[in-house]
Amino acid sequence: MNRLVVAYDRNRAVGRNGDIPWMGALPADMQHFRELTWGESVIMGRKTFESLPEASRPLRDRENIVVSLSQKAIEGALVAHSLEEALEQAQYEPFIIGGGQLYKEALPYVDRIDATEIDTTINDADTYFPMINLDEWEIVQREAHSADARNKFNYAFTTYLRRGTK
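Numbering-wise, the sequence shown is residues 74 to 239 according to this note's numbering.
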């Protein structure tokens, strides 16, 4: 099964100036991401890879695959020149983890979306997750959480499954 992992705000914003706008403000999301992707293949665009903190590049204990038209080699990661090539290279369950362009391109290929829906609005966001057609997707799990001492925002872990997928 091809999966997609995303965190977005009320307007589906996922990024601002090459960064995750809520970085550090929602550690529960980072923990959830780690639990989902640990030991699996993570597929990301070059800009997403470069936006990772240098100490976190590549994401450890995961097979990192970077989709790039121009890049030939990246230390610690496989390079694919298309999403299709990345999916073929994946030795473990593939998780598409961004960015915005790759999310849009990947939607027809994925059967499951693991979304963190964050109850905030990033006014100066410049990267968004595409709208999904709820006639094609159903929510199979939703776990809501309130803001607390560690997590600045209310949020929900929501799992979407493509209709007809088992």
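Glycine included, every Cβ here is placed at the ideal spot set by N, Cα and C.
Any beta strand (DSSP E) of 3 or more consecutive residues that is wholly inside the segment 96–168: 114–118, 136–140, 151–153
Host alpha helix (DSSP H) of Y176 (start-end): 173–179
Alpha-carbon to alpha-carbon, E178 and L160: 12 Å
Integer-rounded CB distance, given that V183 should sit under 8 Å from L77: A Cβ-Cβ separation of about 5 Å places L77 in contact with V183 under the 8 Å criterion.
The ligand NAP heavy atom lying under 7 Å from the CB of M96: Among the ligands in the structure shown, none appear at all, so the ligand NAP cannot be discussed.
Residue from N227, V87, A188 whose Cα sits closest to the Cα of A198: V87
Inter-stretch contact at 8 Å, needing at least 3 Cβ pairs: the segment 121–129 / the segment 226–233: no
Proximal residues to P94 (C-beta, below 8 Å), its chain only, five neighbours per side dropped: D82, A86, G88, I195, A198
Between the CA atoms of P100 and T193 - distance to the nearest angstrom: 15 Å
Cβ-based burial, L180 [other Cβ within 10 Å; buried from 16]: buried
Of the listed residues L132, G171, A153, nearest to L142 (C-alpha basis): A153
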